[in-house]
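Asker:
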Amino acid sequence: MRSVPSIVHLDLDAFFAAVEQRDKPSLRGKPVIVGGVGTRGVVATASYEARVFGVRSAMRTAEARARCPHAAYLTGRFAAYRITSRAVMAVLREISPLVEPVSLDEAYVDLAGDAGRDLSAAGVEELAAALKERVREVTGGVTASVGAGTSKLVAKIASDLRKPDGLLVVEPGAETDLLHPMPVGRIPGVGPATAERLRRIGVHTVGELARAGEPDLVAALGQAHGHALARLAMAEDDRAVVPLRESKSISAEDTFEHDIVDPALLSAIIDRLGTRVCERLTRERLSGRTVTVKIRLFDFTTYTRSATLAGPTDDVRVVNRLARRLLAEVDTSAGVRLLGVGVSGLADWVQEDLFGSAADVDLAVGPRPRAAADVDLVEAVGRPPAARRNPTADVRAGPGHGAEAGPRSDQRVPGEPNPPRWSPGQDVMHTEFGPGWVWGAGLRRVTVRFETAATGPGPVRTFATDDPDLAPYTPLTWDPGLRVSPKKARPASPAP
DNA sequence: TCTGGGGTCCTAGGACCC
DNA sequence: TCTGGGGTCCTAGGACCC
Numbered sequence: 103m104r105s106v107p108s109i110v111h112l113d114l115d116a117f118f119a120a121v122e123q124r125d126k127p128s129l130r131g132k133p134v135i136v137g138g139v140g141t142r143g144v145v146a147t148a149s150y151e152a153r154v155f156g157v158r159s160a161m162r163t164a165e166a167r168a169r170c171p172h173a174a175y176l177t178g179r180f181a182a183y184r185i186t187s188r189a190v191m192a193v194l195r196e197i198s199p200l201v202e203p204v205s206l207d208e209a210y211v212d213l214a215g216d217a218g219r220d221l222s223a224a225g226v227e228e229l230a231a232a233l234k235e236r237v238r239e240v241t242g243g244v245t246a247s248v249g250a251g252t253s254k255l256v257a258k259i260a261s262d263l264r265k266p267d268g269l270l271v272v273e274p275g276a277e278t279d280l281l282h283p284m285p286v287g288r289i290p291g292v293g294p295a296t297a298e299r300l301r302r303i304g305v306h307t308v309g310e311l312a313r314a315g316e317p318d319l320v321a322a323l324g325q326a327h328g329h330a331l332a333r334l335a336m337a338e339d340d341r342a343v344v345p346l347r348e349s350k351s352i353s354a355e356d357t358f359e360h361d362i363v364d365p366a367l368l369s370a371i372i373d374r375l376g377t378r379v380c381e382r383l384t385r386e387r388l389s390g391r392t393v394t395v396k397i398r399l400f401d402f403t404t405y406t407r408s409a410t411l412a413g414p415t416d417d418v419r420v421v422n423r424l425a426r427r428l429l430a431e432v433d434t435s436a437g438v439r440l441l442g443v444g445v446s447g448l449a450d451w452v453q454e455d456l457f458g459s460a461a462d463v464d465l466a467v468g469p470r471p472r473a474a475a476d477v478d479l480v481e482a483v484g485r486p487p488a489a490r491r492n493p494t495a496d497v498r499a500g501p502g503h504g505a506e507a508g509p510r511s512d513q514r515v516p517g518e519p520n521p522p523r524w525s526p527g528q529d530v531m532h533t534e535f536g537p538g539w540v541w542g543a544g545l546r547r548v549t550v551r552f553e554t555a556a557t558g559p560g561p562v563r564t565f566a567t568d569d570p571d572l573a574p575y576t577p578l579t580w581d582p583g584l585r586v587s588p589k590k591a592r593p594a595s596p597a598p
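The first sequence begins at 103 in our numbering and counts up by one.
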């Protein structure tokens with residue numbers, strides 16, 4: 103927790119609905135509801151005029167229609183929201199480079215770091231008031247609620263308290279007086295399930311939460327959640343404002359107007375969803391190893407099935423084939439309400455499929471080949487730019503980093519002992535398995551020397567990427583019985 | 001006419017490795 | 001041959017957020 107209220111939280115009021123009212127003057131002053139308009143739709147955003155009738159986010163659209171039949175019901179125009187959001191984020195970055203967008207309509211700003219700034223409560227309030235005015239200008243009239251305080255928690259709660267179009271700076275030292283009377287559900291991260299568990303141990307307010315012992319909270323909520331809430335209740339929150347968050351998964355899902363039984367149709371939908379995901383992967387220059395299929399049945403029971411490839415891919419054929427296989431693991435004969443496809447385990451480099459085919463990759467489901475650090479790399483060249491996701495590879499690093507070699511997971515024989523590993527000081531690694539991988543995250547060129555028992559010193563092969571910016575993930579095949587020579591026995595560097 | 005779509009983080013158990 | 005602890009990876013599900 104800081105000594106000055108230098109964290110600002112900005113929240114655009116009823117954002118989607120506000121953009122609609124801005125673009126269609128006839129909607130101004132009227133209830134506007136943005137969300138799914140079908141029979142299974144839910145409300146994404148309700149304008150304040152609609153909230154008067156009790157319409158809320160996440161409410162079924164059918165119920166919203168019952169409460170507020172005269173409202174305008176609109177599906178989202180996300181391109182417009184995105185453009186408006188970008189303009190707001192740009193305004194925030196004029197104030198400080200430390201801007202963390204939480205969603206299209208929400209962001210934190212860290213004012214610390216600018217030594218010359220007046221970070222007194224009065225100074226921050228003046229800045230926030232000017233900020234609200236700038237946001238209104240650049241968005242064409244969309245209003246924002248702004249909170250500021252000594253932590254993310256306090257800034258967020260402050261902006262919540264003054265919605266809509268409000269401003270609150272919480273003075274340092276006043277945090278617990280503000281928080282303690284509140285119901286626990288006001289703390290972000292405390293939803294219905296957590297609130298119920300807390301109620302059962304007699305905790306209803308943040309003050310009671312602060313007085314509860316951490317051991318009791320951990321027992322009721324688990325280690326991470328219990329510990330985090332015990333701290334938040336005492337306004338202890340040192341979470342940083344993180345300007346750049348890397349995405350961890352990309353997914354697409356669809357709820358159907360009517361439940362689907364036809365397997366061929368389900369398969370076709372899986373393909374469509376997988377294609378959507380891969381298009382995004384490609385556009386964002388990402389690839390991923392884990393494919394997940396989500397299946398919601400007619401009765402809302404929900405299954406996920408996932409499988410992890412030996413190497414990352416953004417290949418729509420690979421993703422779709424695997425997704426269809428995962429779909430087949432679940433009995434869908436009674437009707438499917440929702441299907442989803444996701445890819446996680448993201449890397450920001452694309453597999454260079456130099457020696458394999460998509461079909462090979464598809465087969466290579468299973469854990470990534472385990473590390474055999476210090477494998478016989480004759481030479482490894484290339485360090486990725488610091489900005490890239492994969493940190494600099496250290497060829498001599500331990501498991502999980504740098505160069506690895508091992509059998510392809512799909513080539514392992516269950517029950518058989520694991521293949522030999524390379525260890526420092528070892529002269530020769532005998533490989534008795536078939537096809538193998540050499541993997542060098544962050545490397546651009548990898549040279550491997552082979553030596554066979556039969557032929558003596560064997561071929562030297564170099565694997566490289568075309569794009570100097572990319573790391574290779576190079577599946578290569580070597581012959582059973584091949585021996586690999588150690589680094590210390592290497593000859594002069596071979597030409598690539 | 002019950003319950004969206006895009007995400008993140010956590011837990012727990014099993015496999016496997018050292 | 002047995003025992004065991006710690007760590008990582010993978011899978012499935014759940015809570016939560018906007």
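Beta carbons: idealized from backbone N, C-alpha and C, even for Gly.
1) In the DSSP assignment, find the unbroken alpha helix (DSSP H) run with Thr141 in it and report its ends.
2) How many Å lie between Leu319 and Ser435 at the Cα?
3) Less than 8 Å separating the beta-carbons of Ala116 and Thr141?
4) Here's the rule: buried if 16 or more other CB atoms are within 10 angstroms of the residue's CB, otherwise exposed. What is Glu359?
5) List, from N- to C-terminal side, the beta strand (DSSP E) runs of 3 residues or more that fit wholly inside the region 277–363.
6) Is Gly211 near Ser198, with beta carbons less than 8 Å apart?
7) In this structure, does DSSP put Glu431 in helix, strand or coil?
8) How many Å lie between Thr415 and Arg398 at the Cα?
9) Take the Cβ of Ser187 as the centre, count every other Cβ of all protein chains shown within 10 Å, and call the residue buried at 16 or more, exposed below.
10) On the DSSP bridge list, what partners appear for Arg407?
11) Using 8 Å as the threshold, is the C-beta distance between Ser446 and Thr384 below it?
12) Mind checking whether Arg391 and Thr410 have CB atoms under 8 Å apart?
13) Hey, how far is the Cα of Ala297 from the Cα of Ala366?
14) Mind the definition here: the region 166–186 touches the region 212–222 only if three or more C-beta pairs lie below 8 Å; say whether that holds.
15) If you draw a straight line from the C-alpha of Gln325 to the C-alpha of Ile352, how long is it?
16) Verify whether the separation of the beta carbon atoms of Leu255 and Arg264 is less than 8 Å.
17) Answer with buried or exposed for Thr252, where buried requires no fewer than 16 other C-beta atoms within 10 angstroms of its C-beta.
18) Quick check for students: name the residue ranges of the beta strand (DSSP E) that lie wholly in the region 167–202, counting only runs of 3 or more.
19) Considering only residues of the same chain and omitting the five flanking positions on each side of His282, which have a CB-CB separation below 7 Å?
20) Buried or exposed for Thr163, please, with buried defined as at least 16 other CB atoms from any protein chain shown within 10 angstroms of its CB.
21) Could you tell me the distance, in whole angstroms, from the CA atom of Glu381 to the CA atom of Ala209?
22) Please look up how many angstroms separate the CB atoms of Pro107 and Val226, rounded, as I've assumed it's under 8 Å.
23) If you compare alpha carbons, which of Gly137, Leu323, Ala314 is closest to Gly293?
24) Along the chain, where does the beta strand (DSSP E) containing Ala209 start, and where does it finish?
25) Does DSSP classify Asp113 as helix, strand or coil?
26) Could you tell me which residues DSSP puts in a beta bridge with Gly268?
27) Hey, how far is the Cα of Arg387 from the Cα of Lys126?
28) Please classify Ser108: does DSSP put it in a helix, a strand, or coil?
29) Thinking C-beta only, is Ile362 closer than 8 Å to Arg426?
30) Per DSSP, what kind of secondary structure is Ser128 in: helix, strand or coil?
31) So which of Pro290, Glu239, Tyr150, Leu331 has the shortest CA-CA distance to Ala257?
32) Where does Pro365 sit, in a helix, a strand or coil, going by DSSP?
33) Straight-line CA distance for Leu114 to Asp417?
34) What's the gap between the Cα of Arg341 and the Cα of Gly275?
35) DSSP three-state call for Ser389: helix, strand or coil?
36) With a cut-off of 8 Å on the beta carbons, I'd call Ala166 and Val154 a contact; round off their distance for me.
Answerer: Inspection of the coordinates gives the following:
1) As a working note, residue 141 is residue 39 in the first sequence. Looking at the DSSP string, Thr141 is not in any alpha helix (DSSP H), and its letter there is neither H nor E.
2) For the purposes of this step, residue 319 is taken as the residue at position 217 of the first sequence. For the purposes of this step, residue 435 is taken as the residue at position 333 of the first sequence. In a straight line, the C-alpha of Leu319 is about 43 Å away from that of Ser435.
3) Stepping through the first sequence from its first residue, residue 116 is reached at position 14. Stepping through the first sequence from its first residue, residue 141 is reached at position 39. Going by C-beta atoms, Ala116 is not nearer than 8 Å to Thr141.
4) For the purposes of this step, residue 359 is identified with residue 257 of the first sequence, where counting begins at 1. Classification of Glu359: exposed, given that the 10 Å Cβ count is below 16.
5) 351–362
6) In the first sequence, residue 211 corresponds to position 109, counting from 1. In the first sequence, residue 198 corresponds to position 96, counting from 1. Checking the displayed sequence, the identity of residue 211 turns out to be Val instead of Gly. Closer than 8 Å, so yes.
7) Start at 1 with the first residue of the first sequence, and residue 431 comes out as number 329. Note: Glu431 maps to coil in three-state DSSP.
8) The residue labelled residue 415 in the question sits at position 313 within the first sequence. The residue labelled residue 398 in the question sits at position 296 within the first sequence. Roughly 26 Å between the two C-alpha positions.
9) Counted from its first residue, the first sequence places residue 187 at position 85. With 16 or more other Cβ atoms within 10 Å, it is buried.
10) The sequence position of residue 407 within the first sequence is 305, counting from 1. Paired residues: Val395.
11) Residue mapping note: residue 446 aligns to position 344 of the first sequence, counting from 1. Residue mapping note: residue 384 aligns to position 282 of the first sequence, counting from 1. Not closer than 8 Å, so no.
12) As a working note, residue 391 is residue 289 in the first sequence. As a working note, residue 410 is residue 308 in the first sequence. Their beta carbons are under 8 Å apart, which means Arg391 touches Thr410 by this criterion.
13) Start at 1 with the first residue of the first sequence, and residue 297 comes out as number 195. Start at 1 with the first residue of the first sequence, and residue 366 comes out as number 264. Taking the straight line from one Cα to the other gives about 43 Å.
14) no
15) Your numbering for residue 325 matches position 223 in the first sequence. Your numbering for residue 352 matches position 250 in the first sequence. Taking the straight line from one Cα to the other gives about 28 Å.
16) Against the first sequence, residue 255 aligns to sequence position 153. Against the first sequence, residue 264 aligns to sequence position 162. Result no, Cβ atoms of Leu255 and Arg264 do not sit closer than 8 Å.
17) As a first step, residue 252 must be located in the first sequence, where it is residue number 150. Per the 10 Å Cβ criterion, buried.
18) 174–176
19) As a working mapping, residue 282 is identified with position 180 in the first sequence. So the list reads Thr307, Val308, Gly309, Ala312, once near-sequence residues are dropped.
20) Counting from 1 along the first sequence, the entry for residue 163 is found at position 61. Buried is the call here.
21) Your numbering for residue 381 matches position 279 in the first sequence. Your numbering for residue 209 matches position 107 in the first sequence. Cα to Cα, the separation comes out at about 27 Å.
22) Residue numbering aside, residue 107 sits at position 5 when the first sequence is read from its first letter. Residue numbering aside, residue 226 sits at position 124 when the first sequence is read from its first letter. That pair is a contact at about 5 Å.
23) Start at 1 with the first residue of the first sequence, and residue 293 comes out as number 191. Comparing Cα-Cα distances from Gly293 to each of Gly137, Leu323, Ala314, the minimum goes to Leu323.
24) For this step, residue 209 is matched to residue 107 along the first sequence. Start and end: 208–212.
25) Stepping through the first sequence from its first residue, residue 113 is reached at position 11. Three-state result, Asp113: strand.
26) Taking the first sequence and counting its residues from 1, the one referred to as residue 268 is at position 166. Answer is none; Gly268 lacks a bridge partner.
27) In the first sequence, residue 387 corresponds to position 285, counting from 1. In the first sequence, residue 126 corresponds to position 24, counting from 1. If I take the Cα positions, the gap works out to 37 Å.
28) Residue 108 sits at position 6 when you count from the first residue of the first sequence. Reduced to three states, the DSSP call for Ser108 is coil.
29) Position 324 of the first sequence, counting from 1, holds the residue named residue 426. Position 260 of the first sequence, counting from 1, holds the residue named residue 362. No. Outside cutoff.
30) By one-based count along the first sequence, residue 128 stands at place 26. DSSP places Ser128 in helix when its eight states are reduced to three.
31) Along the first sequence, read from residue 1 onward, the residue named residue 257 stands at position 155. Comparing Cα positions, the closest option is Pro290.
32) Counting from one through the first sequence, the residue named residue 365 turns up at place 263. DSSP places Pro365 in helix when its eight states are reduced to three.
33) Mapped onto the first sequence, residue 114 falls at position 12. Mapped onto the first sequence, residue 417 falls at position 315. Cα-Cα distance, rounded: 38 Å.
34) Residue 341 sits at position 239 when you count from the first residue of the first sequence. Residue 275 sits at position 173 when you count from the first residue of the first sequence. Near 18 Å, if we compare the C-alpha coordinates of Gly275 and Arg341.
35) The residue given as residue 389 occupies position 287 in the first sequence. Of the three classes helix, strand and coil, the one that applies to Ser389 here is strand, per DSSP.
36) For this step, residue 166 is matched to residue 64 along the first sequence. For this step, residue 154 is matched to residue 52 along the first sequence. Not confirmed; about 12 Å, so no contact.
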